[in-house]
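Chemist:
2 protein chains.
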Amino acid sequence: MLDVWKQFEENNLTHSAAHHILAIQELRDQRGYARVTDVARHLNITTGSASTNLKSLKSKGLIIEDENRFLQLSPEGQALAKAVVQRKQLFFTFLTETLGVSHDQAEIDACKTEHLISAETARKLEKFLNNKDNNHKDSSAHPKVAA
Amino acid sequence: MLDVWKQFEENNLTHSAAHHILAIQELRDQRGYARVTDVARHLNITTGSASTNLKSLKSKGLIIEDENRFLQLSPEGQALAKAVVQRKQLFFTFLTETLGVSHDQAEIDACKTEHLISAETARKLEKFLNNKDNNHKDSSAHPKVAA
DNA sequence: AATGTTTGATTGATATGCCAAACTTTTCAT
DNA sequence: ATGAAAAGTTTGGCATATCAATCAAACATT
Chain A
46 MLDVWKQFEE NNLTHSAAHH ILAIQELRDQ RGYARVTDVA RHLNITTGSA STNLKSLKSK
106 GLIIEDENRF LQLSPEGQAL AKAVVQRKQL FFTFLTETLG VSHDQAEIDA CKTEHLISAE
166 TARKLEKFLN NKDNNHKDSS AHPKVAA
Chain B
46 MLDVWKQFEE NNLTHSAAHH ILAIQELRDQ RGYARVTDVA RHLNITTGSA STNLKSLKSK
106 GLIIEDENRF LQLSPEGQAL AKAVVQRKQL FFTFLTETLG VSHDQAEIDA CKTEHLISAE
166 TARKLEKFLN NKDNNHKDSS AHPKVAA
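Those sequence lines, one after another, are chains A and B.
Yeah, the first sequence ends on 192 if you go by the numbering used here, and it's all consecutive.
Yeah, the second sequence ends on 192 if you go by the numbering used here, and it's all consecutive.
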């Protein structure tokens, strides 16, 4: 792709789609099932919006619906959910612990970018945070930032 | 706002809008003027799309058109452009110099997130990068007190 | 049984943002 | 001045993403 700025649209997952998938995972973890209505309530959108949005995710094979309309993630959906959750967590940790960003703002920024961060950046951010922990145990070393 | 994930939609600037504004700034810096066609060519979209998109930015007061249809940024537009450019640069520097992310991937990640990073995060990321520089030059490391 | 209520899902309307194509206006060269 | 090229707008189509309104079915209530 020549136009870097268009990569935003080329993303394999929109922000909305990412949160629909996360909702299904969280609902199933919490109460064992997820229907269209549950997703809608979880995201605080109408059941109509959820219905349409989930339909397109079903057609992409990220969500599977059983005969009683209960939803679950396909293996691909699970993989995407896992990646998104991990990236959000990494970025949130970096923002709060390394930069000293407030909890609320870090939550927002991490949520906005969770689905946009590349695998390479996620990998290297993880490595950076691990190194930082090691340096903490060795108290003489490298103050990184003033909070 | 109760729903953190909806902040994405509430952003004052879409990715597309940010790049239309940046295009005008860059074109005027490079060649002194920017017309609809120039913006379209710069972004590699059709003049039709550019025309429509720029019209909405005009109506929002971010772009001003003179009597010969030459475009420029309003003071608000300039402020937004400046903020976006700064955030992209900060994040790009962090990705490449601190994390060691490849130039190409850092460019993409920074571009995707430039318009989404909060002022607080930008401020603290800047501070972090400054400290990192200081620590490099002077290994005894006096972290300056934060604001 | 009849009526009402809650729950679940779909359909229709609106808004962004892209493209292609048709059309108008402006500019410029001869 | 005229005709072609360049610039700009409009229209129609597609995809995403939202909500309001509606339909359908299950569940109460009397």
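Heads up, the beta-carbon is just placed ideally off N, CA and C, and yes, glycines get one too.
(1) Considering only residues of the same chain and omitting the five flanking positions on each side of SER96 (chain B), which have a CB-CB separation below 7 Å?
(2) Are the C-beta atoms of LEU161 (chain B) and some chain A residue less than 8 Å apart?
(3) DSSP on VAL190 (chain A), reduced to helix/strand/coil?
(4) Three or more beta-carbon pairs under 8 Å between the segment 128-138 of chain A and the segment 103-118 of chain B, yes or no?
(5) For SER184 (chain A), which three-state DSSP category applies?
(6) Does any CB atom of chain A fall closer than 8 Å to the CB of HIS148 (chain B)?
(7) Taking 8 Å as the CB-CB cut-off, is PHE137 (chain A) touching chain B?
(8) Taking the runs of the alpha helix (DSSP H) that are 4 residues or longer, which of them lie wholly in the segment 79-143 of chain A?
(9) Which residues in chain B have a C-beta closer than 8 Å to the C-beta of ASN89 (chain A)? List them in chain order.
(10) In its own chain, which residues sit with a C-beta less than 7 Å from the C-beta of GLN70 (chain A), not counting the 5 before and 5 after it?
(11) Run through chain B and tell me which residues come within less than 7 Å of GLU165 (chain A), C-beta to C-beta.
Modeler: Quick look at the numbers:
(1) VAL81
(2) yes
(3) Any reading at VAL190 (chain A) must be qualified, since the residue scores a pLDDT of 48, below 50, and its modelled position is unreliable; the value itself is stated next. Of the three classes helix, strand and coil, the one that applies to VAL190 (chain A) here is coil, per DSSP.
(4) no
(5) Low per-residue confidence applies at SER184 (chain A): pLDDT is 46, beneath 50, and the placement is therefore not dependable, though the value from the model is reported in the following sentence. Note: SER184 (chain A) maps to coil in three-state DSSP.
(6) no
(7) no
(8) 81-88, 92-104, 120-138
(9) LEU47, ASP48, LYS51
(10) LEU118, ALA126
(11) VAL146, SER147, GLN150
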